[in-house]
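Here is the structure we will look at.
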Amino acid sequence: MKKIYTRVIILLTFIGSSCSDEILEKLPKDQLTVSTTFTTNSNFETYAWSMYANSFPGYWDLTPINREMGSDLLVNNAGTQGDELLWQRKTVPSSSSLWSNSYINIRRANLMLDNIDNSELTDGEKQHWKGVGLFFRAYEYVQLIANYGEVPWVDKSLTEVDEDILYGPKTSRNELSQFVLNDLLEAENIINPEGSGPNTINTDVVRALISRFGLYEGTWRKYHGLGDETRYLQASVDASTQLIADHPNLHSSYDEVFNSETLNGVEGILLYKAYEFGVQNGRWSHYNRSSIGHRDLTKKAVDQYLCLDGETIHTSDLFDGEQDAYDEFRNRDHRLYFNTPPPFRVYTGGQNQLTWEYDSDPKSREYIDLMATLSDDTHKTLPTINWRGLVVRTSPHFRKFNEGHGYNVTYTGYAFYKFSNKISRLQNRDSHDAPIFRMGEVFLNHAEAMYELGQFTQEVADATINKLRTRGAVAPLNLASIPNDPTRDADVAPALWEIRRERGIEFLGEGLGRVFDIKRWKKLVEYGAEEKLGRWVVNSDYGNNLPVQGGAAEGYVSPFGMPPGVPEHYYLEPIPSDQIVLNPQLEQNPGWE
1 MKKIYTRVII LLTFIGSSCS DEILEKLPKD QLTVSTTFTT NSNFETYAWS
51 MYANSFPGYW DLTPINREMG SDLLVNNAGT QGDELLWQRK TVPSSSSLWS
101 NSYINIRRAN LMLDNIDNSE LTDGEKQHWK GVGLFFRAYE YVQLIANYGE
151 VPWVDKSLTE VDEDILYGPK TSRNELSQFV LNDLLEAENI INPEGSGPNT
201 INTDVVRALI SRFGLYEGTW RKYHGLGDET RYLQASVDAS TQLIADHPNL
251 HSSYDEVFNS ETLNGVEGIL LYKAYEFGVQ NGRWSHYNRS SIGHRDLTKK
301 AVDQYLCLDG ETIHTSDLFD GEQDAYDEFR NRDHRLYFNT PPPFRVYTGG
351 QNQLTWEYDS DPKSREYIDL MATLSDDTHK TLPTINWRGL VVRTSPHFRK
401 FNEGHGYNVT YTGYAFYKFS NKISRLQNRD SHDAPIFRMG EVFLNHAEAM
451 YELGQFTQEV ADATINKLRT RGAVAPLNLA SIPNDPTRDA DVAPALWEIR
501 RERGIEFLGE GLGRVFDIKR WKKLVEYGAE EKLGRWVVNS DYGNNLPVQG
551 GAAEGYVSPF GMPPGVPEHY YLEPIPSDQI VLNPQLEQNP GWE
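Going by UniProt numbering, the sequence shown opens with residue 1, and the numbers climb by one from there.
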């Protein structure tokens, strides 16, 4: 259903009048439209599109992927300074969409919930739309808890007489988490298993959010010493167990999960945001193929990808070394080739860069030939091109040594192009669909939650992680003989390290994301102090223009040097100052005063 999100246009007038002002600033004036909006099943369905459109991220908003620049696996290659999270430049914002948009969307959900009982719906329809409303309210609070820890709980659409709630204190994390879980468990029981039609909120989607939230909250509680983690981990396992039983398989192509003109009917996709050329456009592919993409993988990210035999680059006989780019990429997990361009070199001739010929060195076409077998002309064949179709002559293609063309450049030597495709070659006119909930995530949520509960077995590994590895052409994980990774965090057991490795590989750049993972594992301070490195280079090969670690003649590219370290209070975001001014009972998060 390519037009699933276009129906929201019908409600622009209503939503614009009722939800355009930030919560805690001005109460929406919706009284004149509620009586006609919440009547029949079709009215509720139309209203719900506003929540689909505004709550779920997609391929237009760059905020989720930009957040990942503060992790250990991705880096912004646009400027001369590292990410504000890792370089201690975060400050208390005067306002923030992280806060305000969530509460606007919570109001949308509460407004619908408050008007179900007096509608013309049948009892079954009332149950379904209550489940949808509970889902969307919970979805927003999952984001708020992940960002702020504790925030005010609002479970009805507020009016002028509700100042005790409107200007009340934070709700404790214990209460918030339980409220969210309660909403989701109730929604799971009452929502229509088939939703309101194809690609809509249904039982599977509710369970996918339970799987996500249960793992997040359970592990945060365990590693931050809050206690009561088992309740949430078990909820995650219960939901994911049922989902895996109902959806045991994945779509065969990792790349097509993120770069398909339609995800309708694609195996393993539970919910997606549909894009349609000229109606609803995305731009992530355009950014991945342009000079403003500004995103690179770090060497740590690349090193996480195993060799085809399931061994690490430090232990595999298939690994040929890292000092030559072609050797480094040989015999690796195929997901690596879909997240950063493998090395190549072609001849474009003169100023005409719309066509190309093979370079005279046969070595230069090794991965051009390989990618022709793994992909196709609408996805990720080599050489790469920019959004205008201009051919990139070589990979790696360094910003500080760009061989005469400044597009599709990189600092680290590992350009990020997970969302790059050739379906549409127009600026900001991408038309491929964005997955919102998919079984790849559910598999990894299940594996990790089972580990944390002491129940991770070979059978669980085969039903989860090994299906992801199979898609990457990597040998399965054998718990009886886990490779000895010398880079393993000593605090993390080998089996858990492999689960976390898979999360870093599978979700790279999706905004799910790595920052939230290392925060819930309580590893932000430790991993944030690591130097973000790139490829091994001989600097003289690049005119001695590259920033090499320690100023050496050859070694790892180091775009920004050693970060100063991450303060402990960065685990939670600061509450925007405008909200504290409006509500004196709203206390700032510790360390941000």
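C-beta: ideal position from N, C-alpha, C; glycine also. These numbers come from a predicted model, not from an experiment.
Excluding five sequence neighbours on each side, which residues of the same chain lie with their C-beta closer than 6 Å to the C-beta of residue i?
| i | result |
| --- | --- |
| Y141 | V180 |
| E22 | For E22, the predicted structure reports a pLDDT of 35, less than 50, and the residue's modelled location is therefore unreliable. The matter cannot be settled from this model. |
| L263 | I269, Y272 and D433 |
| Y425 | The residue you asked about is not Tyr; residue 425 is Arg in the sequence shown. Excluding positions up to five away in sequence, the list reads G389. |
| K29 | With a pLDDT of only 46 at K29, under the threshold of 50, the placement of this residue in the model should not be trusted; the figure read from the coordinates follows. Taken in chain order, the list of residues that qualify is empty. |
| G528 | L86 and V566 |
| V205 | L270, L271 and F437 |
| L166 | L158 |
| H128 | I191 and N192 |
Let's test the definition: count the other Cβ atoms within 10 Å of the Cβ of residue i and tell me whether it reaches 16, buried, or not, exposed.
| i | result |
| --- | --- |
| K26 | Legend: pLDDT at K26 = 38, less than 50; position of this residue unreliable, no value from coordinates given. |
| R89 | exposed |
| P590 | exposed |
| E573 | buried |
| S55 | buried |
| Q31 | Here the model assigns Q31 a pLDDT of 44, short of 50, so the residue's position is not dependable, and the following value carries that caveat. The residue is exposed, with fewer than 16 neighbouring Cβ atoms inside 10 Å. |
| P584 | exposed |
| E328 | buried |
| K156 | exposed |
| residue 597 | Nothing about residue 597 can be read from this structure; the chain reaches only from 1 to 593. |
| T200 | buried |
| E68 | buried |
| N189 | exposed |
| S360 | exposed |
Enumerate in chain order the residues of its own chain whose CB-to-CB distance from residue i is below 7 Å, with the five nearest sequence positions on each side excluded.
| i | result |
| --- | --- |
| E452 | G218, T219, K222 and L233 |
| I580 | L586 and Q588 |
| L479 | Q458, A461 and A495 |
| L524 | I518, V566, Y570 and Y571 |
| P576 | P93, S94, S95, S96 and W99 |
| S316 | C307 and D309 |
| L297 | L73, L74, N339, T340, T412, Y414 and F416 |
| L546 | F398, K400, F401, V537, N539 and V557 |
| D578 | S94 and S95 |
Does the distance from the CB of residue i to the CB of residue j come in under 8 Å?
| i | j | result |
| --- | --- | --- |
| A53 | G282 | no |
| R514 | S71 | yes |
| H379 | N259 | yes |
| M371 | T381 | yes |
| S172 | E150 | yes |
| P396 | R295 | no |
| S431 | E261 | yes |
| T340 | V302 | yes |
| E125 | T39 | no |
| N77 | D83 | no |
| S285 | S420 | yes |
| residue 658 | T384 | Residue 658 falls outside the range modelled here, since the chain spans only 1 to 593, and no answer is possible. |
| I145 | L185 | no |
| K363 | Y326 | yes |
| L250 | G440 | yes |
| E65 | G404 | With the sequence shown as reference, residue 65 is identified as Ile, and Glu is not the correct amino acid for it. Cβ distance not < 8 Å, so I65 and G404 don't count as in contact. |
| I210 | A235 | yes |
| P343 | Y358 | no |
| I104 | V154 | no |
| G472 | H247 | no |
Would you say residue i lies against chain D (beta-carbon separation less than 8 Å)?
| i | result |
| --- | --- |
| N66 | No chain D is part of this structure, which consists of one protein chain only. |
Any idea which residues DSSP pairs residue i with across the strands?
| i | result |
| --- | --- |
| Q273 | The sequence shown places Lys at residue 273, rather than the Gln named in the question. In the DSSP output, where bridge partners are listed per residue, K273 has A434. |
| A415 | D296 |
| Q280 | E276 |
| V92 | According to DSSP, V92 bridges with nothing at all. |
| Y358 | V346 |
| N76 | R295 |
| F136 | For F136, which the question treats as bridged, DSSP gives no partner whatsoever. |
| F401 | F398 |
| T410 | F398 |
| Y556 | W536 |
For residue i, collect the residues of the same chain with a Cβ closer than 8 Å to its Cβ; drop the 5 residues on either side in sequence, then sort them by chain order.
| i | result |
| --- | --- |
| E498 | I465, L477 and I482 |
| V34 | L111 and N115 |
| N202 | I191, N192, P193, E194 and G195 |
Q) How about the segment 99-117 and the segment 129-149: do they share at least three Cβ pairs that are nearer than 8 Å? A) These segments touch.
Q) Just checking, does the segment 312-328 make contact with the segment 472-488 on the three C-beta pairs under 8 Å criterion? A) With a cut-off of 8 Å, the segment 472-488 and the segment 312-328 count as touching, because enough Cβ pairs lie within range.
Q) How do the segment 444-451 and the segment 210-217 stand: do at least 3 beta-carbon pairs fall below 8 Å, yes or no? A) With the cut-off at 8 Å, the segment 444-451 and the segment 210-217 touch.
Q | Contact the segment 181-193 vs the segment 403-411: 3+ CB pairs below 8 Å | A | no
Q) Is the segment 547-563 touching the segment 249-256, taking contact as three or more C-beta pairs under 8 Å? A) No: fewer than three Cβ pairs fall under 8 Å.
Q. With a cut-off of 8 Å, do at least 3 Cβ pairs link the segment 530-545 to the segment 57-67?
A. They do not touch, by the three-pair rule.
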